[in-house]
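J.: Using full-length UniProt numbering, you'd call the opening residue of the sequence shown number 1 and step up by one each time. For every residue, glycine included, the Cβ atom is placed at its ideal position computed from N, Cα and C. In this text, all values refer to a predicted model and were calculated from it rather than measured experimentally.
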Amino acid sequence: KDLIIYEMNVRAFTADASSGLGPHIRGSYLGVIEK
Numbered sequence: 001k002d003l004i005i006y007e008m009n010v011r012a013f014t015a016d017a018s019s020g021l022g023p024h025i026r027g028s029y030l031g032v033i034e035k
């Protein structure tokens, strides 16, 4: 089987206002779940 592993920066992925997330969850794991 093939295995693909992704790495991401949670804060960079969700911290910007353009992420469409509320300010209380930007830059957090909850922000990743919501996105």
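1) Counting along the chain, where does the alpha helix (DSSP H) carrying Y29 start and finish?
2) If you count every other CB in all the chains shown that lies within 10 Å of the CB of G31, and 16 or more means buried, which is it?
3) For H24 and N9, I'd like the C-alpha separation in whole angstroms.
4) Check R11 in the structure and name its three-state DSSP category.
5) Quick check on L21: buried or exposed, where buried means 16 or more other Cβ atoms within 10 Å of its Cβ?
T.: The structure says:
1) Taking the first residue of the sequence shown as position 1, residue 29 is located at position 29. Residues 29–34.
2) For the purposes of this step, residue 31 is identified with residue 31 of the sequence shown, where counting begins at 1. G31 comes out buried.
3) Your numbering for residue 24 matches position 24 in the sequence shown. Your numbering for residue 9 matches position 9 in the sequence shown. Distance between the alpha carbons of H24 and N9 is about 18 Å.
4) In the sequence shown, the residue the question calls residue 11 occupies position 11. Reduced to three states, the DSSP call for R11 is helix.
5) Counting from one through the sequence shown, the residue named residue 21 turns up at place 21. Buried is the call here.
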